[in-house]
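As you go down the protein sequences, you meet chains A and B in turn. Quick note on the numbering used here: the first sequence kicks off at 1 and runs consecutively. Quick note on the numbering used here: the second sequence kicks off at 1001 and runs consecutively. All remarks here apply to the structure that follows.
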Amino acid sequence: MPKTRFAVNDDLWNQFAPLVARVEKPSRYLGQEWGSVEPSEKSDADYHAVLVYPDTYEIGQANQAIAVLYDCLNANERIYCERAYLPWVDMITAMRASKLPLASLETYTPVCDFDFVGITLPHEMASTNILEFLDLSGIALHACDRTEDDPLVFGGGPLAYNPEPLASFFDAFFIGEGEELDLEVALLHRRMKQAGASREQILRELSHVEGVYVPSLYETHDQRIEGLSSEMRGYTVAQPRFDDVSPRVVKRVIQEFDTLKALPRLIVPYSELVHDRLAVEILRGCNRGCRFCQAGMIYRPVRERSADTIISAVAEGLACTGYDEVSLTSLSSTDHSTIGQMLRRLNTRFYGTGKSVSLPSQRVDALGVELARLAAGEKKGGLTLAPEAGTQRMRDSINKGVTEDDLMQAVIGAVEAGWRGFKLYFMIGLPGETDEDVAGIGALCKRVYRAAKDAIPDDQPRNIRLTVSVALFIPKPCTPFQWDGQIPLEEIQHRIEVLRGSFPKKGIDLRWHDSATSYVEAVLARGGRECAELIEQAWKNGARFDAWTEQFNFDAWQQAGQACGVPIMQRAVCEYEEGALLPWSHISCGVSEAFLRSERQKAHEAMTTPDCSFGPCSQCGVCQDLHVHNSTQVKRVLPEARL
Amino acid sequence: MSDGFRLRVKYEIRGRLAYLSHLETIRSMERVVRRAGLPFAVTEGFSPHMKVAFGPALPVGAGSAGEYLDVRLQSYIDAERALERLQLAAPRNLMPLECFYVDVRADAIDVTYPLSLWEAEFSCDGDVREMLEALRCAFGELLEKGYIEVIKRKGRAEKVKQVAFEGRLIEAPVFSAEDTCVVMRFSTFQGNEGALRPDKFIDAALALMSTPARLVRLTRQELRENG
Ligand code: SF4
């Protein structure tokens, strides 16, 4: 510093070019897409940031959070923000052989030369990818080994609500929504760095920014886990080392969501992405309160954009990208208070243009199907519904708020509207689950299958495709089930047998999601800093791209677990004590522990809690603690009242 | 409906975008047309798509100084204006250069322009003249042989196929020495019989060299009419 101008590093690109020619999907490594920010646009910038997604380009480029933050940071003339992704394994091998460092997409600047490296933390199974990324970038894995010349490495995203397993690899974490926070941190870092402040001084100052957690300013001690033998490690809990460092870091949240730009500057990739279409975020937060769901707790409260804002963002977004499909995204888009009206307006606009609108998820009831019909028009692929549990008792226990009647109405309505393919999602291994609940999945699916067939008009072939996908429950921090363990291996095997036995021999396609990854995910989700060693050892044993089924290496994790005293299977099943400090007790999403405990109690009693965005407050604590409130466009009304 | 108007767009592919696949180029150019807001015609039926046709595929890694696409328009728009709008909607390295109308019944692009003129650049750390000679030798040897072998994959099965130069290689390579590189030019004919891929042709020659030269750029300089 001061750097004056940024330019493309042609030398480095020229070294990459022969590698790019040899690997799968070269377009992952090209950048220069329509909408990406070129150095020529940033002649006044002197601070260099890079946003990172720890997976391949096609997965990361589809991430909406990165798109929004890229736009926010680049909107400031002093900051030039680029992107970087983890290369696929073929490219990693080639880069290591040629000793080439990981570089940004826009200018091919080595990642280690940036000021700000912001890594998205999407899910636990990306943990080893983060180490692979740092290592390929030539950045010291451990924050404590970095020097004054190294960038500050930041992390943000869902995992930041329990950042402890990754704490030693990051200089700081951003808790909550990043639109304002990322920019504040970047500008503060820039100012202090230019004034000659040391890394240590800067981090100390950053720790005073609301929503920033600097792990090195906390000390940890071990908490024993009931039921584990003494040679196994417990989890760590953290406390600040200094008086000026907050014992509790509370998430950042933007109340005036509708005033944020609905359409960030958009990058149109050359290669096909997982979601190759325009995405417009129509609301934030989901307060349905499913007790296993972390997203339903950490993104509260509910805030909706107005129909006008959304429709003009869709029109402008399609025109400036050239896409012909838009997805109206959020955790529960069909709960938007004016969704029906919005879909009708969009359909009128799109009529005869070949453009279409899609919804990422469906509510399980007649209204959900009505909305799906509005979105799908004549194109009817499969309809996906997630009842999650097989019996009413279990659905009430997880607060799914779906009755068998809702499900039947949805399926029959869908068949009448022309759908013939269905996919149903369920979970097993939920706290309090019995054999009867597991067998209830098959029984329910049989009834669904029969009802769907019966709903087909007589003059049409009686063909229904029903796929049932079952996964293992994974306890997550900040949820009412955060204290619960998974079920042991022998018990899983037993329940899978019960599950299989409950399904007919043919007709329904039953798919079981492999449980080994779920165990690792559960351990990391609820781990403390002791898991850093586990992640590092697993990575050294060859684990990476753990979310890619064919790359997942369970042996690498199990061996690492044994070596580090964090054995995967034992840790995944252990229950944490209510009332004890947890690894993430110093991080808050605003939902109070008292609420989570009462929800857990209600789960045991199979009692439900209504969605507060449709009715009265259920005292989760977010609104009081963060001085925010639900804000919907019009009053949300339950479907019974609407139909 | 009338047949509409057939606008031919010439565009270049430069720099890193030489590594786009043919399919990616097609999709990207279609999006350029959409963003430019040209009044393109769509096919009828269940899922309507843009009426657009492209020229012969480029190998991945090759850039171009002039590719073509034909897009059918519902209404006439001045070609110069169309070009301006396309240029504003295009990524810098995938830039439209020229627009003109052709008869709706005119031949397809690959029939109109069956010849490709290629330019390859080899970088050189040592003596340029020496490398030029080595390249000339290698290509000479290959030409003598008269064909290259390419592996065709069909599912799991692999088949080795001979692609003869006869009828496909129209102008044999000509070399020139520049400051720190050697530039080579040659031209090919892409008929129905399976074209000679320039990248495979070069690879085959480089494989004959004791220290292979390093290919740093391959560009289609021109798509040409016959004769
Ligand atoms: S505090 Fe009340 S109104 Fe606010 S999100 Fe929680 S339950 Fe809903």
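Every residue, glycine too, gets a C-beta built ideally from N, C-alpha and C.
- In this structure, ligand 1 has no non-hydrogen atom nearer than 7 Å to the beta-carbon of residue 176 of chain A.
- Shown here, residue 554 of chain A sits in a helix according to DSSP, grouped into three states.
- By the rule that beta-carbons nearer than 8 Å mark a contact, residue 358 of chain A does not touch chain B.
- Look at residue 20 of chain A: its beta carbon is at least 7 Å from all of the heavy atoms in ligand 1.
- The beta carbon of residue 1019 of chain B sits closer than 8 Å to some beta carbon of chain A.
- Its chain contains 50, 82, 84 as the residues whose beta carbon lies nearer than 6 Å to that of residue 104 of chain A, once the 5 sequence neighbours on both sides are disregarded; these appear in chain order.
- For residue 593 of chain A, there is no enclosing beta strand (DSSP E); the residue is found in the alpha helix (DSSP H) stretching over 593 to 604.
- Within 10 angstroms of the beta-carbon of residue 99 of chain A lie fewer than 16 other beta-carbons, which makes it exposed.
- Taking CB atoms only, residue 21 of chain A has a neighbour in chain B less than 8 Å away.
- In the DSSP assignment, residue 1101 of chain B falls within the unbroken beta strand (DSSP E) covering 1094 to 1102.
- Annotation for residue 635 of chain A: no beta strand (DSSP E) segment contains it, and DSSP assigns it neither H nor E.
- Apart from the 5 residues on each side of it in sequence, residue 476 of chain A sits with its Cβ closer than 7 Å to the Cβ of 294, 482, 525 in its chain, given in chain order.
- Listed along chain A, the residues sitting closer than 9 Å to residue 1048 of chain B by beta-carbon distance are 352, 353, 354.
- Nearest in C-alpha terms to residue 1118 of chain B, of all of B/1099, B/1031, B/1199, is B/1199.
- Nearest C-alpha to residue 172 of chain A among A/620, A/428, A/121, A/197: A/121.
- Per the coordinates, the alpha-carbon of residue 1151 of chain B lies some 6 Å from the alpha-carbon of residue 1161 of chain B.
- Interface residue (Cβ-Cβ distance to chain B less than 8 Å): residue 431 of chain A is not classified as such.
- Each residue's CA atom was taken as its position, placing residue 394 of chain A and residue 606 of chain A some 7 Å apart.
- DSSP links residue 119 of chain A through a beta bridge to A/52, A/155.
- For a Cβ distance threshold of 8 Å, residue set 1016, 1017, 1019, 1020 of chain B lies close to residue 30 of chain A, ordered along the chain.
- Counting along the chain, residue 1013 of chain B sits inside the beta strand (DSSP E) bounded by residues 1005 to 1013.
- Taken atom to atom, the span from the alpha-carbon of residue 1213 of chain B to that of residue 1201 of chain B is near 14 Å.
- Straight across, the Cα-Cα distance linking residue 638 of chain A with residue 397 of chain A is about 21 Å.
- Between the alpha carbons of residue 431 of chain A and residue 602 of chain A lies a distance of about 12 Å.
- Flagged as an interface residue toward chain B: residue 13 of chain A, by a C-beta distance shorter than 8 Å.
- Think of a sphere of 8 Å around the beta carbon of residue 27 of chain A: the chain B residues whose beta carbon falls inside it are 1019, 1020, 1021, 1024, in chain order.
- Of the heavy atoms belonging to ligand 1, none sits nearer than 7 Å to the Cβ of residue 253 of chain A.
- With a cutoff of 7 Å, residue 300 of chain A counts as near ligand 1, since its C-beta is closer than that to a heavy atom of the ligand.
- The C-beta separation of residue 1019 of chain B from residue 30 of chain A comes to about 6 Å, placing the pair in contact by the 8 Å criterion.
- For residue 66 of chain A, the enclosing alpha helix (DSSP H) covers residues 64 to 74.
- At a beta-carbon threshold of 7 Å, none of the residues of chain B lie near residue 85 of chain A; the nearest stands roughly 15 Å away.
- Taking C-beta separations shorter than 7 Å and ignoring five residues to either side along the sequence, the partners of residue 1194 of chain B in its chain run 1163, following chain order.
- Distances taken from the Cβ of residue 553 of chain A to the heavy atoms of ligand 1 include none shorter than 7 Å.
- Here residue 512 of chain A carries a strand assignment [DSSP, helix/strand/coil].
- For residue 1093 of chain B, the nearest CB of chain A lies under 8 Å from its own CB, placing it at the interface with that chain.
- Taking the Cβ of residue 287 of chain A as the reference point, at least one heavy atom of ligand 1 falls within a distance shorter than 7 Å.
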